[in-house]
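Only one structure is covered here, and it is reproduced in the block below.
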Amino acid sequence: MQVVIQPDAEAIASLVADEIERLLSRKPDAVLGLATGSSPLAIYDELVRRHEAGRVSFAGARAFMLDEYVGLPEDHPERYRNVIEREIAGRVDFAPGAVQGPDGNAEDIPAACAAYEAAIADAGGVDLQILGIGTDGHIAFNEPGSSLASRTRIKTLTSQTRRDNARFFGGDVEAVPRHCVTQGLATIMSAHHLVLVATGPGKAEAVHHLVEGAVSAMWPATVMQHHPRATVLVDPAAASRLQLGDYYREVFEHRPAWQKL
Ligand code: F6R
149 MQVVIQPDAE AIASLVADEI ERLLSRKPDA VLGLATGSSP LAIYDELVRR HEAGRVSFAG
209 ARAFMLDEYV GLPEDHPERY RNVIEREIAG RVDFAPGAVQ GPDGNAEDIP AACAAYEAAI
269 ADAGGVDLQI LGIGTDGHIA FNEPGSSLAS RTRIKTLTSQ TRRDNARFFG GDVEAVPRHC
329 VTQGLATIMS AHHLVLVATG PGKAEAVHHL VEGAVSAMWP ATVMQHHPRA TVLVDPAAAS
389 RLQLGDYYRE VFEHRPAWQK L
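Numbering-wise (our numbering), the sequence shown opens with residue 149 and increments by one.
See below:
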């Protein structure tokens, strides 16, 4: 696992956008994995800037979202499909239908989850997966106790996650859906490159477990320790509980010239 400590969200976004720009220039039909929430927003803004500057095109690319709330009306602004459209998909040049997400309103949720897994596999898998991390250590919506071998399925959000996400619902915890459909931990682990970003002191404990804790379903993100190519980008506040913070800084500072993220 590569741990990169950067001064702020903008510096993190710039490094991740560099990596995505390199990927799309080498492989214009790359498959991206998109997260929602606040963590990736600076990355999306930076990608939009680079797209508008003519540096990066998504015209041949495809993307798969990580998760979706169950039961929100199709036009609800916090439905993740609408969030992704607003924050990235509708601001760049993805082809129609190139961005897919799990269906949180399907009549047959298990069948829709299986179809979503098949669609990711048919696309050849995800090349680069952007991830945030919950304060309880979830990635996508794989809450504590999730099977490390899980695939796309319905999950129940913890009250901690619903409290954390109430800020997107006018502060009303009861307005945050109880259920979601989420890629599983094994689904995420199938991606070629995992890029997790976290900022702020509220993420420090989860980041400590992710990087330095024992692999456990209690901190689902720790499964990433088994991934051959996982990059964790954090600001100093999110890195504040890392025991080897100085070492991670030294490694990044002295990385070989050819080594990117
Ligand atoms: C959202 C997702 C979640 C968030 C996590 C952190 O698609 O997969 O795992 O990344 O809840 O959310 P923020 O970034 O809002 O702190």
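Glycine included, every Cβ here is placed at the ideal spot set by N, Cα and C.
Residues of its chain near residue i, where Cβ-Cβ distance is below 8 Å and the 5 sequence neighbours each way are ignored
i, result
"residue 348", "383, 385, 386"
"residue 223", "230"
"residue 196", "236, 239, 240"
"residue 166", "408, 409"
"residue 377", "340, 341, 342"
"residue 199", "205, 206, 239, 240, 241"
"residue 389", "352, 353, 355, 356"
Closer than 6 Å: residue i CB and nearest the ligand F6R heavy atom
i, result
"residue 284", "no"
"residue 186", "yes"
"residue 195", "no"
"residue 344", "no"
"residue 183", "yes"
"residue 332", "no"
"residue 215", "yes"
"residue 339", "no"
"residue 288", "yes"
"residue 280", "yes"
Range of the contiguous beta strand (DSSP E) that encloses residue i
i, result
"residue 277", "276–279"
Beta-bridge pairing of residue i - partner residues as DSSP gives them
i, result
"residue 124", "The question about residue 124 has no answer, for the chain in this structure spans 149 to 409."
"residue 367", "364"
"residue 211", "180, 247"
"residue 151", "380"
"residue 301", "330"
"residue 290", "287"
"residue 216", "329"
Extent of the continuous alpha helix (DSSP H) to which residue i belongs
i, result
"residue 199", "189–200"
"residue 174", "157–174"
"residue 312", "307–313"
"residue 258", "257–270"
"residue 230", "228–235"
"residue 393", "393–401"
Same chain, Cβ closer than 7 Å to residue i, five either side skipped, listed in chain order
i, result
"residue 313", "324"
"residue 208", "176, 177"
"residue 375", "337, 342"
"residue 391", "360"
"residue 171", "178, 275, 276"
"residue 162", "194"
"residue 320", "314"
Contacting residues, own chain, Cβ-Cβ under 6 Å from residue i (five flanking each side not counted)
i, result
"residue 309", "282"
Discussion item. With three or more C-beta pairs closer than 8 Å as the rule, is the stretch 281–298 touching the stretch 356–368?
Written reply: yes
Fill in: Inter-stretch contact (C-beta, 8 Å, three-pair minimum) for the stretch 233–243 and the stretch 252–270
no
Discussion item. For the pair the stretch 290–297 and the stretch 367–379, tell me if three or more CB-CB distances fall below 8 Å.
Written reply: yes
Item to complete: Answer yes if the stretch 260–277 comes into contact with the stretch 327–342, meaning at least three C-beta pairs across the two stretches below 8 Å, and no otherwise.
Response: yes
Discussion item. Under 8 Å: do the stretch 180–191 and the stretch 149–167 share three or more Cβ pairs, one atom per stretch?
Written reply: yes
Worksheet item: Are the stretch 171–179 and the stretch 274–281 touching, with three or more C-beta to C-beta distances below 8 Å?
Response: yes
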